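Chains as they are written, first to last, in this note's numbering: chain A, 153 to 468; chain B, 153 to 468; chain C, 153 to 468; chain D, 153 to 468; chain E, 153 to 468; chain F, 153 to 468.
Data block below; observations after.
Protein chains: 6
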Amino acid sequence: MGRGIGYTAVGDSFDGYMLIKEATKGVASNGKPFLTLILRDATGEIDAKLWDASKEDETVFIPEQIVRLSGEVNQFRGRAQLKIKSVRLAQPTDGVRVSDFVEKAPVEREILSERLTEVIFEMENPVMQRIVRAFITKYQEGILTYPAASKNHHEYVSGLAHHIVSMLAIARELHNLYPELNKDLLYAGIILHDLGKLKELSGVVTTSYTTEGKLLGHIPMMVEEIGQMAKELQMEGEEEVLILQHVVLSHHGKAEWGSPKPPLVREAEILHFIDLIDAKMNMLNRALDKVKPGEFTERLFAMDNRAFYKPLFEEK
Amino acid sequence: MGRGIGYTAVGDSFDGYMLIKEATKGVASNGKPFLTLILRDATGEIDAKLWDASKEDETVFIPEQIVRLSGEVNQFRGRAQLKIKSVRLAQPTDGVRVSDFVEKAPVEREILSERLTEVIFEMENPVMQRIVRAFITKYQEGILTYPAASKNHHEYVSGLAHHIVSMLAIARELHNLYPELNKDLLYAGIILHDLGKLKELSGVVTTSYTTEGKLLGHIPMMVEEIGQMAKELQMEGEEEVLILQHVVLSHHGKAEWGSPKPPLVREAEILHFIDLIDAKMNMLNRALDKVKPGEFTERLFAMDNRAFYKPLFEEK
Amino acid sequence: MGRGIGYTAVGDSFDGYMLIKEATKGVASNGKPFLTLILRDATGEIDAKLWDASKEDETVFIPEQIVRLSGEVNQFRGRAQLKIKSVRLAQPTDGVRVSDFVEKAPVEREILSERLTEVIFEMENPVMQRIVRAFITKYQEGILTYPAASKNHHEYVSGLAHHIVSMLAIARELHNLYPELNKDLLYAGIILHDLGKLKELSGVVTTSYTTEGKLLGHIPMMVEEIGQMAKELQMEGEEEVLILQHVVLSHHGKAEWGSPKPPLVREAEILHFIDLIDAKMNMLNRALDKVKPGEFTERLFAMDNRAFYKPLFEEK
Amino acid sequence: MGRGIGYTAVGDSFDGYMLIKEATKGVASNGKPFLTLILRDATGEIDAKLWDASKEDETVFIPEQIVRLSGEVNQFRGRAQLKIKSVRLAQPTDGVRVSDFVEKAPVEREILSERLTEVIFEMENPVMQRIVRAFITKYQEGILTYPAASKNHHEYVSGLAHHIVSMLAIARELHNLYPELNKDLLYAGIILHDLGKLKELSGVVTTSYTTEGKLLGHIPMMVEEIGQMAKELQMEGEEEVLILQHVVLSHHGKAEWGSPKPPLVREAEILHFIDLIDAKMNMLNRALDKVKPGEFTERLFAMDNRAFYKPLFEEK
Amino acid sequence: MGRGIGYTAVGDSFDGYMLIKEATKGVASNGKPFLTLILRDATGEIDAKLWDASKEDETVFIPEQIVRLSGEVNQFRGRAQLKIKSVRLAQPTDGVRVSDFVEKAPVEREILSERLTEVIFEMENPVMQRIVRAFITKYQEGILTYPAASKNHHEYVSGLAHHIVSMLAIARELHNLYPELNKDLLYAGIILHDLGKLKELSGVVTTSYTTEGKLLGHIPMMVEEIGQMAKELQMEGEEEVLILQHVVLSHHGKAEWGSPKPPLVREAEILHFIDLIDAKMNMLNRALDKVKPGEFTERLFAMDNRAFYKPLFEEK
Amino acid sequence: MGRGIGYTAVGDSFDGYMLIKEATKGVASNGKPFLTLILRDATGEIDAKLWDASKEDETVFIPEQIVRLSGEVNQFRGRAQLKIKSVRLAQPTDGVRVSDFVEKAPVEREILSERLTEVIFEMENPVMQRIVRAFITKYQEGILTYPAASKNHHEYVSGLAHHIVSMLAIARELHNLYPELNKDLLYAGIILHDLGKLKELSGVVTTSYTTEGKLLGHIPMMVEEIGQMAKELQMEGEEEVLILQHVVLSHHGKAEWGSPKPPLVREAEILHFIDLIDAKMNMLNRALDKVKPGEFTERLFAMDNRAFYKPLFEEK
């Protein structure tokens, strides 16, 4: 059945399974209804049009369904678009699962889980360790499956754990170079800093914002949740709780970026930079992978709309 | 014993009681220690120097002590300064209390309390009513005594309640004019919006910021506390809780002013403006009271450093 | 003949009268000319295409003409569009008037006029009263028919008077709560603040900007006109004139929003907020009316592009 | 009697006449009153202290009086300060006049007046010519004596006319190089652009802002006055009037710099730059005159706080 | 063969030669390949579609080729578009050259060259004169043929020299009016300020940015090149070299506009304004030429998106 | 002779050697000259006043001289100030050297030198290696002695090398974690990025800005110098040279921070963050060292004026 959609070019035909990510109804200029689908497999995404869609089509081809389809890759206003020739829902006998069609972290879930466990063992401050352990236990499944964001960086299955584990590795090395840094605080802060996303984002496969996420945002939600967890663990009033709340609250660095307080503790300041470095490396590596030496990447919206250059000497 | 310090002019002598607000040690150019005191009574504040301070003086003349002193009002670099001739700690027999020396809201505490009670009776939404009632009960004393801020507006005893009650009155009228507004949400939001200041500010008399206040700020602290209160009242998950948290979170209007989310609910938007109007009226009225028609006020830092004009026709 | 265009959905047919708001010529990919029309009735607006338009069509179907047409509501790039089947100009015998096709203030013109009169009677300062009365007399028709803006808020017939009268109601209540406010100055400032729009905007039905409006703007034009009116009334040099000019000049609040001076008089500051509250309530109510509880509105450009949430408990 | 104050150095004695620009009372640490005077002659300014000032001194040594004094130039917190030894009011028999003590434009008043007249003769558009002529006639004395600003640039007697005449010279040359520019519009715009300062500033010698200037500013005041002048000349409705108002309104270039409309006419845009060039040359030349080649000037507040370098090769 | 493309209107047919500026491949909704061409002649530019393009077409119709074509001017989404009926490559026998199809400065190359030579003769400072002469010699061809920018202003053949020569004329006049200005420094700075564009831009006809231009920009490249030239001329360490580098470095005026240092030398400050005036006059004149008196130009992106008004009295 | 000045408190007497960093003349209110000295030893800095300074004193007590003095530490306007009792120039026989009185990096010069050498050995790209080696050779002494800045961070002897070596260590670890990073480019970029400071700053002991530094800044100067070095090494045109220039040019991250181009190469982006982390750790550690757990540091100007908190649990 061939390669994934991410490897097709304009003019290629395609025959295979894909997951419906979004489906929108429209009416064509001839007055007939059609469906605009956003389809994906583990290698990429493509837009598609299903012309002359019947009422039944509208109820059947909905998000999170897998479809078997064949068609041809055309170009429409500068973007690839799949012209569907035939399409049907996948059957149980087809042996395909939703999880086959989503991008995953390049590191296995088990390894990510192991690394988290190791780090918690390494922690010495009992208050921080207990809080972190309680959160890991409470949100075990979410931490290991959620993306770190709905787009831009680590926006894939296990993206959140991948981001955390990469940040922990930087933290370990920075602590070696600057022993003044409180390793436990860095570790705890990194593990907790984005857990509010488990409530801010709607899910693993088709990720949008929850109402709660839109009205409060992951930062204040997590600050609150740390407070409640401390209460449950009868650790109210411990300074570690306050400092962890501050680290989470301030990790976007500036008020205009969503942190009502800027970092006012050394480790909070450094965590902000570790977060930036890992997010940027993730975006840069994936964008540069798509171009050849001597070329510029597409403009990266989340990096101030810059196009990055890949030097020719990278070939050497 | 005469008028308050707020009514003295350069050249006047002063003899009376005042409260020590701040005390700082210094060493004069002749090598001798001195104390710089900030003194206040209910009518105003003044700086004072106690030259040749003894070790004992340093331990005796400390913040929140009342002193009896006489001296002369001089001018030092454009500001009034009291040259102390004699000073002693107030005795129990002097019959003076700290509360005599602090500025108070122009409305009696009992009346403020009554108005709050009335408003809660008026509320119909049971979730909001119960949450508000629980907070009023929990923080009864603080709500009725705290200032609304450490400076700028309503920075006096009962300032917080005064600010709340004034805002409630505006809300009632706006609800009459725009019946689409949810009155209960406005009322509950107004009562709760600044309660985080009870933890952000250090106290009623000598008001500074607590460590918790500096690291988290009153907004995230109050969002958390509403969540915990809802839990205690077994109201977790009620939409009213989320909306109240949002109203508190967004009441500064913009991220750069400390609200990580801007108002996204009608009443949150309007509450932000009610807050601004009452704070500005408080600042403007007090500044304009000090000048004559035809003059400009001093520059008001919290109002973009503007000097306001009092028209001559105000005399007519 | 059925409901207005504002109540149709994609797929519906439509048969009725509408007013042409804009008409633009185009050439289709087949080389034939067509007309893009923006049509409206009292319930809303819709785009329409008249394909294969003749030369005569181009001269006949022009702005401010009423047409009788039938067609079907399709969707084009996410927006509703009327596919015209037949169209003709309305005849005198059809008994339709331009005024039937434009949105109007929800309050009758007579009532708005009455409220203005009442307020002027209530004023005590003779200078302000005379100036306001002179403007009301001079621009009677315009004040009662013009919109308050070409888009965003109160952009309907009598919108200007509706906005003024709503603001006056808020002012009355704020004056009750803060008796320090000069009621006459608030009233006069509110009535005058936007009258420059009578020269800045081109008219009631199809509202665009005049050349004068583009080069000077309604604020400096109105400041000038107050000066000239004072001259005509032989009130030059009265302080009230200067203060009214200042209130008009500063009512946008900041230089970057079009006020070369910020409010420097108490009532000017408060008027700015009354203006904001009434404009925002107008936009919010109309946007929230279109969505169900639990939904967000479309993004509101004039409110920092925010989408507002309508809580579920609004249903209770 | 010696050189002017501008040529004295720390340690020099001074004996001569000066004009009192400001006088402020103070009380010394010994409780005795003193006067802080700002004194000036045509060569510069200096601060002075008159210790042990009597009640009579306070009524006698007031702004705009000329005094004869002797003293010594000391340094106080990095600034020169005159230590007064003796001081008395100037007598009629001393033969000194206020005009001897103020800085004047480097071009004679008669020559400035002549240049203005020449330019008006050169104008061909009758509407603009008549308006300009009417203003020159109305404000003859003010135009030829006022400074262009209270500080920063052309802040000396006849500074306004000097600034206008310099700008007219640039305009003439730019018109030669870019004949598309409408010379009459440039000339008229330049002559009128700052005339509002005649009402915004309090006077020639001790220049502060009038109440009208603070509440409206010179730009809206001048826009209004052009409208009134057009009315008096029965030229209402002529497009030239509108364009001249626009040129004046927009000459600060941006809303945040005080122009509610940016330049939207070619000559308005160019006038804004001519204004900037002449103001900057005035500031730069005067600052660079005070330093030697190879040095930097003091920081110039009105030029973004920059310190400018004077190259060594300027000596060659 | 008729008029240039710049004089055609929608509906006109066109038959003539044009230069291909850009060529992009696409696939139509019917699956067939097409070419989107941007074509130009000396009078303007137009988009065109070549439907059903063969493989050979793709290799033949490439940038900088001249084609002979006939077609019709249609409108597509509000912009003119040429519907190609027939097209072929130009033959040597057609007698057309690339230089016939590009816009040129309104002043002849020879005259521009002469003016530059005159100015160099006029210079007296030997260091600046030698450096300028060396650059003129080194880049003779580029200076006289390059545009001053890839778009916005002077974006035509010889645009760079045209811009330089216009600026030199302004500089001469400003030096006459302000003799304090160092004429040699202004002249040298103007000639050098944009020469870095010879390396930043890819060429005369189809102007894009070089990799070097994207990564360094013309300003740092020129600063470096002045340093190297000084070395070659054995003038290292002369202050004139440093000052010229500063003038080039600072000529964009502010860090956020690309100058890491703001102007800190008088002539650098003035050069910045001369640059602005000439660029703006170039944009304004060309935009205003396209509209009639009483109309506004299209919005000018490089001038803060303003639309400029052409007064009616320009007709008189 | 006792402890260094950094360990004295107000009221202590001091007797020892110090280095004069700055000396300024003044005239006291009694008309007598005095000298304000800024003195330092390896432990800190203090202001001092030498009253009644003779003409000889003014010529003798100048910057970079060592003095022996005794006095008492007083407080003046909230800052410590040394009241000098006796002072004399140090004699050769005193056995003190300038280098004893300046703060030094906490790592020995030899070790810093060794680390640099190791890193260069590790590099594999011959172009980058040769350029780096050439610079190390050319500026050997400066690299190992200069501070990294005149204030804020690494502002001590060998601060530049200390900063480089710390950054190299971070780079090594990040390269381990993200093997996509080009290690040679990171290493070369780090070593070169701030070498322009050798020309921008005046020297090791009393560090101010050179004229060249003020007019060009270290970034453009270093870009130029890399170009010249490449020329000398006959490596002109190698892409590595361009990329290294870009890395240096962009290392401040944004135009408004002094980089006319933002980072457009992956390693340039990461180097910017490594630079920030090391500078911030340096500032944070030194500020936090001065306070006790539970306290806030003084406000750090170069870190957005924040005061940082040192948690109490740091004591555990």
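Glycine is no exception: its CB is placed at the ideal position from the N, C-alpha and C atoms.
As the structure is a computational prediction, the values presented were derived from the model and not from experiment.
Minimum Cβ-Cβ distance from residue i to chain C less than 8 Å
i                     : result
alanine 407 (chain D) : yes
leucine 367 (chain A) : yes
lysine 349 (chain D)  : no
Sub-8 Å separation of residue i and residue j beta-carbons
i                           : j                        : result
lysine 207 (chain E)        : glycine 223 (chain E)    : no
leucine 368 (chain E)       : leucine 401 (chain F)    : yes
phenylalanine 425 (chain D) : asparagine 277 (chain E) : no
asparagine 457 (chain E)    : histidine 306 (chain E)  : no
aspartate 336 (chain F)     : methionine 280 (chain F) : yes
alanine 420 (chain C)       : glycine 341 (chain C)    : yes
isoleucine 263 (chain F)    : isoleucine 198 (chain F) : no
tyrosine 339 (chain D)      : alanine 321 (chain D)    : no
Chain B contact for residue i (CB, 8 Å cutoff)
i                        : result
glutamate 364 (chain A)  : yes
methionine 153 (chain A) : Below a pLDDT of 50, predicted positions are generally treated as unreliable, and methionine 153 (chain A), at 41, falls in that range; the measurement from the model is reported next regardless. For methionine 153 (chain A), the answer is no, since every Cβ of chain B falls outside 8 Å of its Cβ.
tyrosine 461 (chain F)   : yes
alanine 286 (chain C)    : no
Beta carbon proximity, residue i to chain D, threshold 8 Å
i                     : result
leucine 416 (chain F) : no
lysine 432 (chain E)  : yes
Contacting residues, own chain, Cβ-Cβ under 7 Å from residue i (five flanking each side not counted)
i                       : result
lysine 177 (chain C)    : Pro185, Leu187 and Glu210
tyrosine 159 (chain B)  : Thr195
glutamine 217 (chain A) : Ile172 and Leu241
proline 215 (chain C)   : Ile172, Lys173, Glu174, Ala175 and Thr358
Test: residue i CB closer than 8 Å to a CB of chain E
i                     : result
glycine 178 (chain C) : yes
alanine 321 (chain D) : yes
Range of the contiguous beta strand (DSSP E) that encloses residue i
i                     : result
glycine 196 (chain F) : 196-202
For residue i, the first and last residue of its enclosing alpha helix (DSSP H)
i                     : result
proline 372 (chain B) : 370-384
lysine 351 (chain D)  : 349-352
6 Å CB neighbourhood of residue i in its chain, flanking five on each side removed
i                     : result
alanine 301 (chain D) : Glu307
Same chain, Cβ closer than 8 Å to residue i, five either side skipped, listed in chain order
i                       : result
glutamine 227 (chain B) : Val162 and Gln233
>> Using a Cβ distance threshold of 8 Å, determine whether the region 448-465 of chain B contacts the region 404-421 of chain C, with at least three qualifying pairs required.
In response: Touching, yes.
>> I want to know whether the region 312-329 of chain B touches the region 442-461 of chain B - three or more CB-CB distances under 8 Å.
In response: no
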